[in-house]
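Using my numbering, read the sequence shown as starting at 406 and increasing by one per residue.
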Amino acid sequence: MKLLVCGGAGFIGSNFTRLRLRENGDEVVVLDKLTYAGREENFHDFAGDPGFRFVHGAIEDPQAVASVLEGCEIIVNFAAETHVDRSIAEPDAFVKTHALGTYVLLEAARTLKGTGERELRYVQVSTDEVYGSIEDGSFSESSPLRPSSPYSATKTGADLLVQGYFHTYGLPAVICRGSNNYGPYQYPEKLIPLMILNALHGDPLPVYGDGMQVRNWIHATDFGRAIGHVLEHGAPGEVYNAGGPDECPNIEVVQRIIELTGADESLIEHVTDRPGHDRRYSLSSEKVRALGWEPRVRFAEGLEQTVAWYRDNPWWWEPIRSGDYRAYYERQYGRTLA
Ligand code: NAD
Ligand code: DAU
């Protein structure tokens, strides 16, 4: 297959691209705006593959999108602003990329279908955050959508737009909603890489509130394979949840990272909680399991591998930690990194 992977220079998109090139023998064109989170370094081991091409451009730019569609059979849209804390501070880019960007991609697919030339399939990569918080049990695909933050509200808007294009124009689109991803190449603003790098440097470990918020962790390769199952076997118009095998309160995640890095427990610092913080996410993934998908990586093993990857790959994170990320960190946490 030939895939257009939007947002493929980011964390999950680059892991997904690697899988599709290596395990499936697909051709992949990545379209990415290269925001602070998108990095060409993430292509380091497959940049020269004959089946791979990178185009620098934004999904909200119709010309950039039109220029990369030739021969593509499927659009997989990862492109997004993805950090909840940034969406609270500056929601603007979240609205543009999620609403306008998704619209431009859907319009491109609709226009192509209208010419009768060929029908592009479409996969929207979405999140468990569209359902909001749940105390007990798990969300299914038919649970009501109750997003809490500008990030999740705009991701919900994008999902609804995709469903509108399926119902109105018959666009063969599916949505895959993942739980919290972790693994290599994740930008260090997110909980796990932030705590790993801070622990390795002896920086304080900032736990929001009481740290008893629960997340359901899925390794990025497991989520990538779930998206693969959905694009190969999913029914048009359907939503598929893909949750990880293990859930864990944040404070326990941080304690495990302390053990794995050999850092001192006194580095833990409880800081002011995130406004509107969702207490717990949990997904039922029965529907995607029925397509033949199973997560392969348990959290304990995946976390150990992830800590080892960050420890062994300073070439990847040093330019980030000594660049714009420092200013972001100071704004967000009110202190300077070591
Ligand atoms: P990321 O921030 O690492 O990467 C996002 C990528 O999108 C970057 O390469 C960025 O440059 C690109 N991008 C942003 N705006 C763009 C635009 N307007 N045009 C083109 N490219 C643009 O994010 P991630 O964690 O890899 O998340 C990828 C997708 O998966 C997102 O849609 C996110 O909502 C979803 N998701 C993430 C998680 C998670 O835990 N990280 C969980 C479930 C779903
Ligand atoms: O659930 C899927 C979502 O997971 C994705 O859609 C988002 O794109 C992704 O960013 C992630 O959102 P979270 O808000 O859950 O991830 P984050 O890594 O920011 O935070 C995880 C938990 O850790 C959350 O309860 C907040 C807490 N946290 C986070 C940071 C950055 C802290 O306690 N301290 C921190 O410094």
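Backbone N, C-alpha and C define an ideal beta-carbon position, used for all residues, glycine too.
Which residues bound the alpha helix (DSSP H) around residue i?
{"i": "LYS501", "result": "Counting along the chain, LYS501 falls outside any alpha helix (DSSP H), and DSSP gives it neither H nor E."}
{"i": "VAL347", "result": "With the chain covering only 406 through 743, there is no way to say anything about residue 347."}
{"i": "PRO609", "result": "Counting along the chain, PRO609 falls outside any alpha helix (DSSP H), and DSSP gives it neither H nor E."}
{"i": "TYR733", "result": "729-738"}
{"i": "ASN585", "result": "That residue, ASN585, is in no alpha helix (DSSP H); its beta strand (DSSP E) goes 585-587."}
{"i": "LEU426", "result": "416-427"}
{"i": "HIS572", "result": "555-574"}
{"i": "GLU664", "result": "655-666"}
{"i": "PHE483", "result": "Looking at the DSSP string, PHE483 is not in any alpha helix (DSSP H), and its letter there is neither H nor E."}
{"i": "ALA513", "result": "507-520"}
{"i": "ILE493", "result": "489-494"}
{"i": "LEU408", "result": "Careful: LEU408 lies outside any alpha helix (DSSP H), inside the beta strand (DSSP E) at 407-411."}
Leaving aside the five residues before and after residue i along the sequence, list all residues of the same chain whose C-beta is less than 6 Å from its C-beta, in chain order.
{"i": "LEU424", "result": "GLY629"}
{"i": "GLN591", "result": "PHE416 and PRO598"}
{"i": "ALA513", "result": "VAL470"}
{"i": "HIS675", "result": "VAL612"}
{"i": "GLU478", "result": "MET406 and LYS407"}
{"i": "ASN586", "result": "ILE417, ILE623, ALA625 and PHE628"}
{"i": "LYS438", "result": "ALA463"}
{"i": "GLY614", "result": "ASP678"}
{"i": "GLY744", "result": "Residue numbering for the chain in the displayed model covers 406 to 743; residue 744 lies beyond these limits and cannot be assessed."}
Pick from the options: whose alpha carbon is nearest that of residue i?
{"i": "SER557", "options": "ASN718, ASP533 and LEU596", "result": "ASP533"}
{"i": "ALA411", "options": "GLU432, PHE451 and ALA463", "result": "Checking the displayed sequence, the identity of residue 411 turns out to be Cys instead of Ala. Of GLU432, PHE451 and ALA463, the residue nearest in Cα terms is ALA463."}
{"i": "ALA442", "options": "ASN718, PRO593 and ILE479", "result": "PRO593"}
{"i": "GLN529", "options": "TRP720, PHE483 and PRO641", "result": "PHE483"}
{"i": "GLY575", "options": "GLY707, GLU664 and GLU643", "result": "GLU643"}
{"i": "LEU708", "options": "HIS682, ILE623, PRO724 and PHE571", "result": "ILE623"}
{"i": "ALA631", "options": "LEU696, HIS572 and ARG736", "result": "LEU696"}
{"i": "SER584", "options": "LEU688, VAL460 and ARG736", "result": "LEU688"}
{"i": "SER671", "options": "PRO577, GLU524, GLN660 and PRO552", "result": "GLN660"}
{"i": "THR516", "options": "ALA494, SER547 and TYR570", "result": "TYR570"}
{"i": "GLU699", "options": "GLU723, SER538, ASN621 and PRO650", "result": "PRO650"}
{"i": "LEU596", "options": "VAL489, ALA640 and ILE480", "result": "VAL489"}
{"i": "ILE480", "options": "LEU566, LEU511, PRO641 and CYS653", "result": "LEU511"}
{"i": "GLU540", "options": "PRO609, ARG620 and ALA494", "result": "ARG620"}
{"i": "ASP608", "options": "GLU428, GLU735, ASN429 and GLU446", "result": "GLU735"}
{"i": "ARG582", "options": "HIS682, GLU691 and GLN618", "result": "GLU691"}
{"i": "GLN618", "options": "ASP683, ALA713 and LEU665", "result": "ASP683"}
{"i": "GLY639", "options": "PRO577, GLU664, ALA604 and HIS606", "result": "PRO577"}
{"i": "ASN429", "options": "GLU637, SER531, THR573 and SER538", "result": "GLU637"}
{"i": "GLY681", "options": "GLY506, TYR527, PRO552 and VAL460", "result": "PRO552"}
{"i": "TRP714", "options": "VAL460, ILE656, THR573 and LEU605", "result": "LEU605"}
Terminal residues of the continuous beta strand (DSSP E) containing residue i?
{"i": "ARG526", "result": "526-532"}
{"i": "HIS624", "result": "619-624"}
{"i": "ALA647", "result": "644-647"}
Expressed to the nearest angstrom, what Euclidean distance is found between the alpha-carbon atoms of residue i and residue j?
{"i": "GLN716", "j": "THR677", "result": "Gln is not the amino acid found at residue 716; the sequence shown has Arg there. About 29 Å."}
{"i": "THR559", "j": "GLU465", "result": "15 Å"}
{"i": "TYR508", "j": "ASP564", "result": "10 Å"}
{"i": "VAL579", "j": "PRO589", "result": "26 Å"}
{"i": "GLN468", "j": "LEU436", "result": "12 Å"}
{"i": "THR520", "j": "GLY476", "result": "15 Å"}
{"i": "GLN568", "j": "GLY453", "result": "36 Å"}
{"i": "ASN348", "j": "THR711", "result": "For residue 348 there is no data in the structure shown, the boundaries of the chain being 406 and 743."}
{"i": "ASP431", "j": "PRO455", "result": "11 Å"}
{"i": "ASP627", "j": "GLU546", "result": "19 Å"}
{"i": "GLU522", "j": "GLY542", "result": "46 Å"}
{"i": "LEU525", "j": "LYS518", "result": "7 Å"}
{"i": "VAL473", "j": "TRP722", "result": "30 Å"}
{"i": "PRO724", "j": "GLU446", "result": "11 Å"}
{"i": "PRO641", "j": "ARG685", "result": "30 Å"}
{"i": "GLY506", "j": "GLU706", "result": "36 Å"}
{"i": "TRP720", "j": "MET600", "result": "18 Å"}
Between which residues of its own chain and residue i is the CB-CB distance below 8 Å, once the five residues before and five after are set aside?
{"i": "ARG731", "result": "THR741 and LEU742"}
{"i": "PRO549", "result": "TYR536"}
{"i": "THR422", "result": "VAL410, GLY413, VAL433, VAL435, PHE448, PHE451 and PHE457"}
{"i": "ARG703", "result": "PRO650 and ASP651"}
Within the same chain, show all residues whose beta-carbon is closer than 7 Å to that of residue i, passing over the 5 residues directly before and after it, in chain order.
{"i": "GLU444", "result": "Checking the sequence shown, residue 444 turns out to be Arg, not Glu. Hits under 7 Å: ALA414."}
{"i": "SER492", "result": "GLU486, PHE499, SER554, PRO555 and TYR556"}
{"i": "GLY562", "result": "HIS503 and ALA504"}
{"i": "VAL693", "result": "ALA631, HIS634, VAL635, TYR645, ASN646 and ALA647"}
{"i": "LEU737", "result": "Per the sequence shown, residue 737 should be read as Gln rather than Leu. ASP490, listed in sequence order."}
{"i": "ILE673", "result": "LEU610, VAL612 and VAL659"}
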